[in-house]
Each structure stands twice: as structure tokens, then as C-alpha cells.
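Novice:
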Amino acid sequence: MLKRCSCGEEMSLGLRTVIFARKVNIINVPVYNCPGCGRNDVFPGVKEDVGKLVGQLGARPDPGSIPFDQVHEWAGVLSQALHVSESLQAAAIARATEERIDQLLDLLLIASSLDDERWKNEIHTRLSQLSAQYVS
Ligand SMILES: [Zn+2]
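The opening position of the sequence shown corresponds to residue 90 in my numbering, with each subsequent residue numbered one higher.
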């Protein structure tokens with residue numbers, strides 16, 4: 090899960106709090122950090138969804154905290170992987186992703202047997218948040 094910074098250092102992936110409009114704390118956002126120059130880059134795969142979330146908050150949001158790892162499956166998986174090890178390891182992330190996909194597929198089975206279209210759609214959205222475009 091390494092990325093090269095423009096200053097030449099390796100950036101590492103972690104979960105950080107992003108403060109929006111100085112009022113709203115978006116907690117557990119996957120962010121690349123450079124130990125060399127201190128640069129922070131929101132993980133490319135979730136950038137669009139962080140943007141959407143900020144868009145929903147509007148120009149004058151109420152102060153508060155939003156746990157991004159409960160809004161976005163990929164952030165959830167990273168936070169799960171961080172519980173297992175101190176730093177984010179590709180193998181731990183892959184395992185956590187697989188486990189979460191299995192859980193969601195089990196839920197999808199239940200939702201299908203209940204013919205619950207709304208629930209099914211929600212699970213599909215969550216599964217798509219774990220798709221390759223986010224993870225790689
Ligand atoms: Zn740097």
C-alpha cells in the first residue's frame with residue numbers, strides 16, 4: 090500500500106480525520122501521508138465519495154463528526170485491518186476485504202430470500218465500494 094511522493098519519499102496509507110469547513114470532523118478517511126515533506130493525499134479510490142459527502146453537508150454544515158468508515162466500506166475494511174496490525178499491510182487489507190465481501194454476500198442472500206429490493210440495493214452499493222477501482 091505504498092505510493093511515491095513527489096519529493097521522492099515513500100508515502101504510507103493510514104486513517105485520518107479530515108476537518109471540513111472547520112466544523113465537521115470526517116473521521117477515519119484513508120489518507121496517504123509523506124513522512125518526508127508532510128504531504129497528505131486522500132486515497133484516490135475514495136476521493137469522489139468524500140467529495141459527495143462534503144457536497145451533502147452543504148456550505149453551512151452543523152458541527153459534528155462523521156465516521157467515514159461507517160459510510161464507506163473500503164474505509165471500514167481499512168479500519169478493520171488496522172485493528173489487526175499496527176500498520177496497514179496489503180495482506181491484512183486483502184483478508185479484511187475478503188471477509189467483508191463474504192459477510193455482504195451472506196446478507197445479500199437473506200435480502201434476496203426476503204425479496205427486499207431496498208436492502209438488496211443497499212448491499213449492492215456497499216459491495217461496489219469494495220470493487221477493484223477503489224481497492225487498487
Ligand atoms: Zn513528500
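We put the CB at the ideal spot given by N, CA and C, even for glycine.
Could you pull out every unbroken alpha helix (DSSP H) segment of at least 4 residues lying fully inside the region 134-205, listed in chain order?
Specialist: If we require 4 residues or more, the alpha helix (DSSP H) runs fully inside the region 134-205 come out as 157-160, 162-173 and 179-202.
Novice: Return the chain-ordered list of same chain residues with a C-beta closer than 6 Å to the C-beta of Ala164, the five sequence neighbours on each side being excluded.
Specialist: Counting only Cβ-Cβ distances below 6 Å, and skipping sequence neighbours, we find Asn117, Pro119, Phe157 and Asp158.
Novice: Sorted by chain position, which residues of the same chain lie with C-beta nearer than 8 Å to His235's C-beta, five sequence neighbours on each side aside?
Specialist: Past the edges of the chain, shown from 90 to 225, lies residue 235, and the structure says nothing about it.
Novice: Flag Arg189 as yes when its Cβ comes closer than 7 Å to any non-hydrogen atom of ligand 1, and as no otherwise.
Specialist: No, Cβ of Arg189 sits at least 7 Å from all heavy atoms of ligand 1.
Novice: According to DSSP, is Lys92 part of a helix, a strand, or is it coil?
Specialist: DSSP places Lys92 in strand when its eight states are reduced to three.
Novice: Take the Cβ of Arg149 as the centre, count every other Cβ of all protein chains shown within 10 Å, and call the residue buried at 16 or more, exposed below.
Specialist: That one is exposed.
Novice: Ends of the beta strand (DSSP E) at Gly103?
Specialist: First-last of the beta strand (DSSP E) with Gly103: Glu99 to Phe109.
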